[in-house]
Structure formats: structure tokens, C-alpha cells
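Enquirer: Residue numbers (my numbering): 20 to 152.
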């Protein structure tokens, strides 16, 4: 059983931060290959989005592949208050706030990450927009 009592091991935090930043660059560049690779390739992976619930890697990958350049541009964002916490050396969470550049709307993103033999992967993600006003 993994030792989850070790919180924020510096090496694990640095590795997870690098995986998170790679994923975020993939979002910025609409690099579908990086985005697909960042999620665990399993039917149990999930991503709850602003307007969609996606179950399994195949649904998540199809969503990414279908995004048009206009939709991608509309989702350009700036991250704020990113917090990465690891529990043991093989599990962590990444939470961040974001601001959509086109509208100024604020949102939140959370991801649960697990280290697999082929690297850190998102096993569950949630993205939401704050209510306007």
C-alpha cells in the first residue's frame, strides 16, 4: 500500500507540476495528442466539463478532437491560484482558478492525478465557470 502520509514530497510535487504544466500548454496550443496522453487511457476516467460530462478516455479524446479553432480561441485563459498537493509519491491533486481572456469570466478546474508506469495521468477532472454577477 502506498504511503499517503507523506504530503508534498518535493520530488513528487515537481513531477506533478511538470505534468500539469505540460497539460496546460497542450490546452493553450490545442495539442490534442498531449491532451489525450495526459489522461489515463481507461473507461473509468472521467471529465466533468462546463457543459458536458465525459466518461472514459474515448469520450474525452473525441471531445478534444471535435473542438474547432474558434471554440479553442474562445476558451483561451489565464491561470491563477494554482495549488498542487501530493499524497505519497504516486497520487496528487491540481486545483486552479482561471480567467477567460475573451470575456473575463472566472472558472475553476480540479484534477486528480495518479502516477502510472508511463507517467502521471489525470484520472478525474472537473471544470466549471463561476456564476456571473
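Backbone N, C-alpha and C define an ideal beta-carbon position, used for all residues, glycine too.
Do the CB positions of residue 141 and residue 57 come within less than 7 Å of each other?
Expert: yes
Enquirer: Find out if the Cβ-Cβ distance for the pair residue 131, residue 121 is shorter than 7 Å.
Expert: no
Enquirer: Can you tell me where the beta strand (DSSP E) holding residue 99 begins and where it ends?
Expert: 96-106
Enquirer: Do the region 28-43 and the region 90-108 make contact, defined as three or more Cβ pairs closer than 8 Å?
Expert: The answer is yes - the region 90-108 touches the region 28-43, with three or more Cβ pairs under 8 Å.
Enquirer: Tell me the residue span of the alpha helix (DSSP H) that contains residue 44.
Expert: 29-48
Enquirer: Just to confirm, is the Cβ distance from residue 66 to residue 73 under 7 Å?
Expert: Yes, Cβ-Cβ distance for residue 66 and residue 73 is below 7 Å.
Enquirer: Does residue 57 come out as helix, strand or coil in the three-state DSSP assignment?
Expert: helix
Enquirer: Strictly by DSSP, which residues pair up with residue 110?
Expert: 106, 133
Enquirer: Name the DSSP bridge partner or partners of residue 128?
Expert: 115, 146
Enquirer: Around the Cβ of residue 39, are there at least 16 other Cβ atoms within 10 angstroms (buried) or fewer (exposed)?
Expert: By the neighbour-count rule (16 or more Cβ atoms within 10 Å), residue 39 is buried.
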